[in-house]
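Quick mapping for you: the protein sequence lines, in order, are chains Y and C.
Oh and the first sequence: position 205 is 205 in the numbering used here, straight run, nothing missing.
Oh and the second sequence: position 51 is 375 in the numbering used here, straight run, nothing missing.
From the three backbone atoms N, C-alpha and C, an ideal C-beta is built for every residue, glycine too.
Protein chains: 2
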Amino acid sequence: MAGAPQGRRRATSTDVARESGVSRATVSYVLNNTPNKHISPATRELVIRTARRLGHVPNPQARALKTGNSNIVLCLVPALTLGFVFDHALDALTRELAQRGYVLLVHRISDKLDSRGVQDIWSYLTPTLIVTIGGLPPSETAVLEGHSPAPVVSDYGIVEHSRVGQMQADYLIDRGHRTLGFVMPNDAALRAYALDRAAGVMQACERASLSPPVITVVEGSLKSYSECLDEFEATGVTAACGHNDDVALMLLEALRARRQSAPENLAVIGSDDIPLAELELTTIALDAEVCAANITNKVLTALGAEVDPSIENEMLSLIRRTSA
Amino acid sequence: MAGAPQGRRRATSTDVARESGVSRATVSYVLNNTPNKHISPATRELVIRTARRLGHVPNPQARALKTGNSNIVLCLVPALTLGFVFDHALDALTRELAQRGYVLLVHRISDKLDSRGVQDIWSYLTPTLIVTIGGLPPSETAVLEGHSPAPVVSDYGIVEHSRVGQMQADYLIDRGHRTLGFVMPNDAALRAYALDRAAGVMQACERASLSPPVITVVEGSLKSYSECLDEFEATGVTAACGHNDDVALMLLEALRARRQSAPENLAVIGSDDIPLAELELTTIALDAEVCAANITNKVLTALGAEVDPSIENEMLSLIRRTSA
DNA sequence: TTGTACGCGTTATCAG
DNA sequence: CTGATAACGCGTACAA
Chain Y
1 MAGAPQGRRR ATSTDVARES GVSRATVSYV LNNTPNKHIS PATRELVIRT ARRLGHVPNP
61 QARALKTGNS NIVLCLVPAL TLGFVFDHAL DALTRELAQR GYVLLVHRIS DKLDSRGVQD
121 IWSYLTPTLI VTIGGLPPSE TAVLEGHSPA PVVSDYGIVE HSRVGQMQAD YLIDRGHRTL
181 GFVMPNDAAL RAYALDRAAG VMQACERASL SPPVITVVEG SLKSYSECLD EFEATGVTAA
241 CGHNDDVALM LLEALRARRQ SAPENLAVIG SDDIPLAELE LTTIALDAEV CAANITNKVL
301 TALGAEVDPS IENEMLSLIR RTSA
Chain C
325 MAGAPQGRRR ATSTDVARES GVSRATVSYV LNNTPNKHIS PATRELVIRT ARRLGHVPNP
385 QARALKTGNS NIVLCLVPAL TLGFVFDHAL DALTRELAQR GYVLLVHRIS DKLDSRGVQD
445 IWSYLTPTLI VTIGGLPPSE TAVLEGHSPA PVVSDYGIVE HSRVGQMQAD YLIDRGHRTL
505 GFVMPNDAAL RAYALDRAAG VMQACERASL SPPVITVVEG SLKSYSECLD EFEATGVTAA
565 CGHNDDVALM LLEALRARRQ SAPENLAVIG SDDIPLAELE LTTIALDAEV CAANITNKVL
625 TALGAEVDPS IENEMLSLIR RTSA
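This is how it looks when you write it as structure tokens:
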């Protein structure tokens, strides 16, 4: 039963000053440990005690107004749920930033007309840094690049999505397949990545002098996947790359539904190595730790913070199971 | 190639005033359409044009400092990924709030020691309202209830988790099962819900005069699920409730791995009705729309906004498929 | 250690 | 009726 504790008035630095019998300046110096300002241990102690007693927390907007820095890192995403790899990365980012005095706030931004778009954010918030994850709609990105009041960092390039597609395709080609398919989910939040991965598959096919892959878009329903299988059958596709493991698993389910199986009727390969993939899905594992470290480093660097340079940079690896 | 547009100086209302040859007050009156302040159409037009020309966006912290309202709704979550039902709810919330002049910001809060806890937020942000989703760690909740500077709304009670458990169990009992199991993931972010659902299963068993369910905690690996199956076998469990569909599906995989199947060797029921469940998993569907509408209404009410009263309140339904 | 100006937008009061 | 002056909210930092 979460009660409804109404907004109690916050104790201001003026309150602390009055209660301690000192000036506001002194309070500020003490609480910020301002260097070159020698305050007597006695008053220092007194101020700290009263501040604690009153539960004083400096008003963030007053501070930001004066210093010009909100210590807020705003993360813009196309969907709140981007899969466990990014989830992990955002966790790490939240922690690392907290250790350095920043707070990570996530805001969902969409193409929908009823959301007023990126620029609107600036009338609510003045972030120190903006980081975009998952790729924004092109229109929003343009606005961001042109008019952002804060530096912008994106996850673009951290995961080489096209190489994911290449690895998937290379493996399948290596196993003797000559006509590949690529299945991408009809999800706006994943479109940017999906296109990169599809491009990777295409390149691999080209390099192997094969005809381009059959690319299909599926909805979340089994029916949609079944139609996808129909198309693959009609076009002679013998091996399919799923944009991610979820897609690949649904494909396996659809196969099973028509009493077929992988890899006999269709070889299937996914990407991400989610837990459900463990049993049979061949996939390209994405090392969540490494991915997280890379994003974190990029953000910290942009903030001018010290960074741990020992980053592993290989985060992709093939995991062979039975589905392909 | 997201460039790194460095923070350009924002045009202030003073800039607009100077450029227009009027006072800051006038600028404010015009831009806010302040009632009872009659400004000549000429200057009004002039001010608006210069503001637009300079790209003026009022400094949010200055405004918040003065008005005491940031128009920020802060959503505290135990994990960024809470499943597609909550994801949908947060989407809806983001939209509805945007329409009413608020912005929804999500912040992850954890039990980990290296995050400094909820109270820390208040030194970065002064939200108008705080909404907690997914259940916070008890320690954090206590702090929140005791010292929150803003009203707090939680999703507690929106989804009757214990009833989910009850519905799962009732169905299985109705199908003749006498010894039930409950499988919960070892995920801090889901613990609160999982315990509620387990309690529901327990109650159902009690009402049917059955012995209490065997409750197991699993990790993400197939091995862990396999151990869970061992325990069920040892204790005579014939039907298992998964905390959610992911868990239930992993259980099905684990069964399959030992060449067994549901419901013959073990009846399995899940909850949420995610896409992958469509093929065979019997489950308790959670209506995402209804769930979203309920949360949204609760938040809007707390903000004193008008609310659409026509809310469906039944959001749970049994979906029978082959696994149980 | 303290007085005080400043950052920026809002708003009550006041003059033309 | 139109618009300006000035104080305020709160923390920071320079001059004294």
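Taken atom to atom, the span from the alpha-carbon of Y:D120 to that of Y:R10 is near 28 Å.
Within chain Y, the residues placing a beta-carbon under 8 Å from that of C:L600 are D246, L249, M250, E253 and L276, ordered along the chain. Residue nearest to C:L519 within the set C:G566, C:T503 and C:L534 is C:G566 (criterion: CA-CA distance).
For Y:L46, DSSP assigns no beta-bridge partner whatsoever.
Around Y:H56, the same chain offers A11 and V16 as residues with beta carbons nearer than 6 Å, after the five sequence neighbours per side are excluded. When the beta-carbon positions are compared, C:V409 and C:A612 come within less than 7 Å of each other. Of the other Cβ atoms in all chains shown, fewer than 16 fall within 10 Å of the Cβ of Y:P41; this residue is therefore exposed. The contact set of C:I445 on chain Y, defined by CB atoms closer than 8 Å, consists of V103 in chain order.
Between the stretch 457-465 of chain C and the stretch 511-529 of chain C, the count of Cβ pairs shorter than 8 Å is three or higher; the stretches touch.
Among the residues of chain C, none has a CB under 9 Å from the CB of Y:Q260; the nearest is roughly 13 Å distant. Between Y:I215 and Y:A198 the beta-carbon gap is near 6 Å, inside 8 Å, which marks them as a contact.
When 9 Å is used as the limit between beta carbons, Y:R163 is near no residue of chain C, the shortest such separation being about 18 Å.
The way I'd put it, the stretch 70-77 of chain Y does touch the stretch 94-104 of chain Y; three or more beta-carbon pairs between them come closer than 8 Å.
Using a Cβ distance threshold of 7 Å, C:W446 and C:P475 do not count as a contacting pair.
Contact note: Y:D272 does not reach chain C at a C-beta cutoff of 9 Å; the least C-beta distance is about 13 Å. Using a Cβ distance threshold of 7 Å, Y:A324 and Y:A248 do not count as a contacting pair. When only Cα atoms are considered, C:I608 and C:V483 end up about 12 Å apart. A straight-line Cα-Cα distance of about 25 Å links Y:C75 and Y:D245.
Taking one beta carbon from each stretch, the stretch 538-558 of chain C and the stretch 575-594 of chain C have 3 or more pairs nearer than 8 Å; the two touch. Taken in chain order, the members of the stretch 602-624 of chain C whose beta-carbon sits within less than 8 Å of a beta-carbon on chain Y are E602 and L603.
Residue environment for Y:E140: buried (at least 16 other C-beta atoms within 10 angstroms of its C-beta).
With a contact defined as Cβ atoms closer than 8 Å, Y:D170 and Y:A142 miss out at about 34 Å. For Y:H107, the closest Cβ of chain C is nearer than 7 Å.
Using a 10 angstroms sphere on the CB of C:D479, the tally of other CB atoms reaches 16 or more, which defines it as buried. Excluding residues up to 5 positions away in sequence, L255 lie with their Cβ nearer than 7 Å to the Cβ of Y:S261 in the same chain.
Leaving aside the five residues that flank Y:S23 on each side, the residues in its chain whose CB is nearer than 7 Å to its CB run, in chain order, A17. For C:D596, the uninterrupted beta strand (DSSP E) segment begins and ends at A591 to D596. Neighbourhood of Y:T94 in chain C, by CB distance below 9 Å: L404, H431, R432, I433, S434 and S439, in chain order. Taking 7 Å as the threshold, the shortest C-beta distance from Y:L129 to chain C does not fall below it. The beta-carbon of C:Y448 is placed less than 7 Å from the nearest beta-carbon of chain Y. According to DSSP, C:L429 shares a beta bridge with C:L398. DSSP places C:I482 outside both helix and strand once states are collapsed to three, so it counts as coil.
Annotation: Y:L136 is outside any alpha helix (DSSP H) and is labelled neither H nor E by DSSP. Selection C:L642, C:S641, C:K622 and C:A386 evaluated against C:I635 yields C:K622 as nearest (Cα-Cα). Counting along the chain, C:A335 sits inside no beta strand (DSSP E), nor does DSSP assign it H or E at all.
Between C:A513 and C:E420, the alpha-carbon positions lie close to 26 Å from each other.
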